[in-house]
Each structure stands twice: as C-alpha cells, then as structure tokens.
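What the sequence shown shows, in my numbering, is residues 6 to 424, in sequence order. What follows is a single structure, written as structure tokens, with notes after it.
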Amino acid sequence: MATDAAFPEPVAARGAALDVLVSGASVAGPVTAYWLHRAGHHVTVVEQSPPRRRPGGHAVDLFTPAMDVIERMGVLEAVQDRGTGIERMTVRREHTRRDVTIDMTRLMSALSDRHVEILRDDLGAILYDATRADVEYVFGDRISGLTDDGVATFEHAPARRFDLVIGADGLHSGVRGLAFGAETEYSRWLGGYIAVASIPRDRHLAGHMTTLLGVNRMVGLYSARHMTDARAFFLFRPGAELAYDHRDVPRQKQLLREAFGDLDGEVPRLLDEVDRAPAFYFDAITQLAMDHWTRGRVALVGDAGYCPGPAVGGSTSLAVVGAYTLAGELAEAGSDPAIAYPAYEAAMRDYVQRSRGFATTMARRLVPGTRAGAWMLIAGTSLLTHLPTALGRRLVALGSGDLGLHESIEVRDYPALAP
Ligand SMILES: Cc1cc2nc3c(=O)[nH]c(=O)nc-3n(C[C@H](O)[C@H](O)[C@H](O)COP(=O)(O)OP(=O)(O)OC[C@H]3O[C@@H](n4cnc5c(N)ncnc54)[C@H](O)[C@@H]3O)c2cc1C
6 MATDAAFPEP VAARGAALDV LVSGASVAGP VTAYWLHRAG HHVTVVEQSP PRRRPGGHAV
66 DLFTPAMDVI ERMGVLEAVQ DRGTGIERMT VRREHTRRDV TIDMTRLMSA LSDRHVEILR
126 DDLGAILYDA TRADVEYVFG DRISGLTDDG VATFEHAPAR RFDLVIGADG LHSGVRGLAF
186 GAETEYSRWL GGYIAVASIP RDRHLAGHMT TLLGVNRMVG LYSARHMTDA RAFFLFRPGA
246 ELAYDHRDVP RQKQLLREAF GDLDGEVPRL LDEVDRAPAF YFDAITQLAM DHWTRGRVAL
306 VGDAGYCPGP AVGGSTSLAV VGAYTLAGEL AEAGSDPAIA YPAYEAAMRD YVQRSRGFAT
366 TMARRLVPGT RAGAWMLIAG TSLLTHLPTA LGRRLVALGS GDLGLHESIE VRDYPALAP
C-alpha cells in the first residue's frame with residue numbers, strides 16, 4: 006500500500022455507511038467493531054486464530070476509563086463476573102525466607118475506582134459475544150495485501166474492497182507491516198523479557214498469586230477462580246538483548262532456564278512444567294514509538310498502533326479507550342476519515358505519550374536491579390495496602406511516576422454514538 010497520508014477523494018458520501026475491515030479479534034478489534042456497527046457501518050473482522058473454546062492468555066487490567074467504555078457497551082456485569090478474583094499476593098525476596106502478603110483488593114482500590122483484572126481471552130470472548138450477531142467474523146485467515154483504493158487480499162478468502170481498514174492485530178501487527186513498514190523501525194526494547202505458560206493447577210489456590218522477586222528477575226504463579234489450570238510467569242532483565250528466533254520455542258525455554266535455573270523452592274518444578282507446557286508465550290518487552298497511527302485508509306488501534314510495552318503499561322485500557330475514540334471521531338466527522346483520523350490521533354496523543362513514559366518507568370521498577378530496590382518495591386506496595394484509601398491515593402499521586410495515569414483519562418461523549 007502507498008504511503009500517502011491524504012485522501013485524494015472522499016471515501017464515501019458524508020454520513021454514509023462504510024464497509025470496514027478490522028484485523029484482529031482480541032480486545033481492540035471487537036471494541037472497534039462494536040462502536041462502528043453502532044454508528045451504522047458494515048464491519049468484517051478477520052482473525053488469524055480459530056475461535057477460542059476455553060479461557061487462555063494472561064491477566065490484563067481494565068481501569069476506570071476502560072470500564073466506562075465497557076459499561077456503555079452493556080457488558081459491565083459479564084466483565085465483572087469473569088474477573089480473576091485474585092485477592093491476595095505473597096511476595097518473597099530471593100535468598101530470604103519471609104513471605105510478605107499483599108491485599109490486592111486494597112492495593113487496587115488505592116489505585117483505581119473500578120479496576121477489574123480479567124484473562125485477556127475471557128475479555129475477548131465477552132466482546133466477541135457482544136458483537137457476533139452484528140459483525141461478520143472470519144477466523145483462521147489474514148490480510149495478505151492492501152491497495153491504495155482499499156482492496157484487501159487474504160490468505161484464504163477471496164479479495165474484497167473496503168472503505169477503511171483497521172489494524173487491531175496487536176504488537177506484531179500485520180496491517181502495520183503492510184501500511185507502515187517493518188516493525189524494527191518503530192519499536193524499542195525496554196530492557197526486559199516476559200514469558201507465560203499454562204501449567205497444571207495442582208495445590209495452587211485460585212484467587213492467589215505467589216511471586217519470587219530477585220535482582221533483575223521475577224517469577225510467579227496465579228490462577229483465576231474459574232480456571233482449571235494456572236499461569237506461571239517470568240519477567241527478567243538480562244542486561245543485553247537475547248538472540249533467538251520467535252518461532253524457536255525450545256530455545257526460548259532454554260533462555261528461561263539460563264535466567265532462572267539457579268533459583269530454589271518452587272522454581273525448578275515450575276521450569277519443568279514450562280518444559281511440558283503446550284501453551285507458552287515468550288517475547289521481548291518492546292514499545293512502539295510511532296508518531297502517527299493512520300495512513301490513507303488505514304488506522305491502527307490498540308497494541309498495533311501504540312503498545313507502550315506488554316505487561317508494564319496498562320495497554321489493555323489504552324486499547325479499549327483508543328478503539329472507542331476512533332469510532333467516535335469517525336461518527337462525529339460524518340464518516341469522513343480525512344477529518345476523523347487526525348482527530349483520533351490528536352485525541353489519543355497525550356494518553357499514548359504518557360503511557361510510554363509510564364511503561365518505561367514500570368519496566369525498571371517492577372523488576373528492580375538491586376536488592377535494596379526489591380526490598381523497597383515490596384515495602385512500598387505493602388504500605389499502600391495498610392493506609393486508608395484516601396491517604397494511599399495521595400501517596401500514589403505524589404510519588405508515583407504517573408501511577409494515576411490510567412484513572413485520569415477522560416472518556417469523551419460522542420453524541421453520534423448514542424444508542
Ligand atoms: C504476557 C503478557 C502480559 C500482559 N499483561 C498485561 C497486564 O497485566 N495488564 C494489561 O493491561 N495488559 C497486559 N498485557 C497487554 C495486553 O494483552 C494487550 O495490551 C491487549 O491484549 C491489547 O489488545 P489488542 O486487541 O490491541 O491486541 P492483542 O490482544 O494482542 O490482539 C491481537 C489480535 O490480533 C490477532 N492477529 C495478530 N496478527 C494478525 C494478523 N496478521 N491477521 C489477523 N489477526 C491477527 C491475534 O491473534 C489477536 O487475536 C500483557 C501482554 C502480554 C503479552
């Protein structure tokens with residue numbers, strides 16, 4: 006696809022219903038589809054994976070602004086009911102024997118008015134159910150090419166023409182690759198790696214997270230109340246970028262052993278389970294640093310456009326708010342992307358930029374580089390849970406490095422999206 010930012014001619018008459026193709030059916034894709042349908046457009050969502058049948062993925066966070074969007078979509082109860090219900094976290098520092106227990110309910114109420122933690126795939130399933138009757142979903146396929154005038158070719162389905170194409174296909178977006186070029190031009194490594202594996206739940210209690218915090222590394226285990234398995238997760242900062250192929254799972258598991266293999270307690274068992282785990286995720290914690298998320302007929306939304314870093318930047322809330330904002334600006338502009346796309350970028354810019362700063366700081370703070378830093382992280386977190394909520398919030402506001410960011414975003418009302 007050519008790289009013109011401008012539209013040579015209007016894509017449709019003012020206020021017309023558009024044919025919109027969305028790539029990705031996780032979080033940003035279905036939220037975009039929901040609101041575009043509400044505005045009267047015909048939406049097709051193409052997703053590379055088959056439809057999901059059981060809960061998978063990792064836990065993600067929805068903060069107040071994203072929950073406001075979720076409520077406006079009529080799925081508030083479903084999302085709250087499906088929350089992970091993790092109420093307690095025990096943290097131990099490497100080379101110590103003492104567990105510190107953190108009351109997660111109190112911690113989150115010091116940070117947010119209506120936070121919900123939910124498995125990404127549970128959230129995706131709820132959003133899919135909320136849109137499946139009105140939106141055409143195509144699973145097991147991908148866009149293979151895009152032309153300037155909106156013709157999309159697919160790996161399996163026949164080619165079709167669309168007025169707009171939305172890339173909601175995550176950090177390694179295919180649409181971004183087609184419209185904006187190679188990912189390496191826009192991404193920067195935040196110094197860490199993350200791995201998550203599905204392992205048997207055994208004795209591990211639902212609603213409980215256990216973590217071991219070392220210098221430049223953290224390993225943990227959790228399970229949600231409705232899960233029959235558990236998630237083992239690993240965060241580490243190796244000091245320099247690692248050499249591996251993203252398809253080479255045995256090598257990735259070997260890198261985990263190199264980073265965590267000297268730890269005792271539960272860790273050797275977790276590493277053995279990871280070796281056997283059928284569902285395993287490993288990736289660098291990278292941040293996208295693009296200045297624009299639209300080009301020609303294409304707009305990027307969620308992680309595809311502005312991932313501040315997986316697991317460190319509150320990117321799920323950013324994705325939900327971004328998807329709603331894109332559809333809202335398009336509705337306000339009478340379906341004219343030449344007006345709506347710049348307005349969407351302007352509306353999201355401050356939130357995106359602050360999320361980048363937040364994620365860069367969190368990537369360092371979550372996995373401290375010194376033993377004193379690890380001690381301070383645990384002591385500070387524990388302190389927050391022992392203070393009255395109002396005082397805790399004041400402390401967060403004072404010393405946070407923008408910890409209140411995800412609460413402070415205003416979700417605009419778009420009259421054109423009203424039911
Ligand atoms: C290990 C891990 C831990 C995380 N922890 C947190 C957390 O604690 N809190 C938080 O808020 N966020 C967390 N995140 C980030 C969160 O998962 C994302 O921000 C959120 O899922 C973004 O939603 P999205 O829809 O933009 O992208 P994604 O959820 O990544 O979805 C992209 C979708 O597009 C599909 N897709 C990809 N390529 C193509 C293609 N070429 N064609 C068609 N379909 C395609 C994928 O299959 C997927 O369904 C974490 C991420 C990871 C990886």
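Ideal placement from N, C-alpha and C gives every residue a C-beta, glycine not left out.
{"Item": "Reduced DSSP category for His63 - H, G, I as helix; E, B as strand; rest coil", "Value": "coil"}
{"Item": "Exposure of Leu410, with buried meaning 16 or more beta-carbon neighbours within 10 Å", "Value": "buried"}
{"Item": "Arg103 - containing beta strand (DSSP E), residue span", "Value": "Counting along the chain, Arg103 falls outside any beta strand (DSSP E), and DSSP gives it neither H nor E."}
{"Item": "Sequence-distant residues of its chain with Cβ nearer than 7 Å to Tyr249 (five each side left out)", "Value": "Arg256, Gln257 and Leu260"}
{"Item": "Other residues of its chain near Glu415: CB distance less than 8 Å, five sequence neighbours each side excluded", "Value": "Pro70"}
{"Item": "Contact check, Met232 vs Ala202, beta carbons under 8 Å", "Value": "no"}
{"Item": "Proximity test, Leu41 beta-carbon vs ligand 2 heavy atom, cut-off 7 Å", "Value": "Within the structure as shown, ligand 2 is missing, the only ligands being ligand 1."}
{"Item": "Candidates Ser149, His46 and Asp234, of which the one nearest Ala164 by Cα", "Value": "Ser149"}
{"Item": "Any non-hydrogen atom of ligand 1 within 7 Å of Arg125 CB", "Value": "yes"}
{"Item": "Reduced DSSP secondary structure (H/G/I, E/B, other) of Ile414", "Value": "coil"}
{"Item": "Ala200, DSSP secondary structure in three states", "Value": "strand"}
{"Item": "Option in Ala162, Thr136, Met295 and Thr158 with minimal Cα separation from Val143", "Value": "Ala162"}
{"Item": "Residue range of the unbroken beta strand (DSSP E) whose run includes Ser322", "Value": "Taken as a continuous stretch (DSSP letters only), Ser322 belongs to no beta strand (DSSP E), being part of the alpha helix (DSSP H) at Ser320 to Glu337."}
{"Item": "Opposing strand residues paired with Glu52 [DSSP bridges]", "Value": "Phe144"}
{"Item": "Buried versus exposed, by CB contacts within 10 Å (16 or more), Glu190", "Value": "exposed"}
{"Item": "Three-state secondary structure assigned by DSSP to Ala428", "Value": "The shown model of the chain, from 6 to 424, leaves out residue 428, and the question about it has no answer."}
{"Item": "Burial state of His46, where buried means 16 or more other Cβ atoms lie within 10 Å", "Value": "buried"}
{"Item": "Leu151 - DSSP class collapsed to helix/strand/coil", "Value": "strand"}
{"Item": "Terminal residues of the beta strand (DSSP E) in which Arg97 lies", "Value": "Arg93 to Arg98"}
{"Item": "Backbone secondary structure at Val27 - three-state DSSP", "Value": "strand"}
{"Item": "Beta bridge counterpart(s) of Asp234 as assigned by DSSP", "Value": "Pro205"}
{"Item": "Expected contact under 8 Å - CB spacing of Thr110 and Glu92 to nearest Å", "Value": "5 Å"}
{"Item": "CB contact flag (Leu323, Tyr356, <8 Å)", "Value": "yes"}
{"Item": "Spatial distance of Asp308 from Asp277 (CA atoms)", "Value": "31 Å"}
{"Item": "Residues that DSSP places opposite Glu190 in a beta bridge", "Value": "Answer is none; Glu190 lacks a bridge partner."}
{"Item": "Cβ-based neighbour list, Thr136, same chain, cut-off 6 Å, excluding 5 preceding and 5 following", "Value": "Pro35, Ala38 and Tyr39"}
{"Item": "Check whether Val51 and Leu41 have beta carbons under 8 Å apart", "Value": "no"}
{"Item": "Nearest-angstrom beta carbon gap, Gly79 and Gly339 [assumed within contact, 8 Å]", "Value": "Contact doesn't hold; Cβ gap of about 25 Å is too wide."}
{"Item": "Whole-angstrom distance between Arg125 and Gly175, CA atom to CA atom", "Value": "12 Å"}
{"Item": "Near ligand 1: Leu176 beta-carbon under 7 Å from a heavy atom", "Value": "yes"}
{"Item": "Beta-ladder partner(s) of Arg300, from DSSP", "Value": "Val303"}
{"Item": "Reference Leu388; option with closest CA among Asp418, Met353 and Leu112", "Value": "Leu112"}
{"Item": "The stretch 311-320 contacting the stretch 363-373, beta-carbon criterion three pairs below 8 Å", "Value": "yes"}
{"Item": "Residue environment, Asp168, which counts as buried when at least 16 other CB atoms sit within 10 Å", "Value": "buried"}
{"Item": "Extent of the continuous alpha helix (DSSP H) run through Tyr426", "Value": "Outside the modelled stretch of the chain, which goes from 6 to 424, sits residue 426, for which no answer is possible."}
{"Item": "Straight-line Cα distance separating Val325 from Pro347", "Value": "19 Å"}
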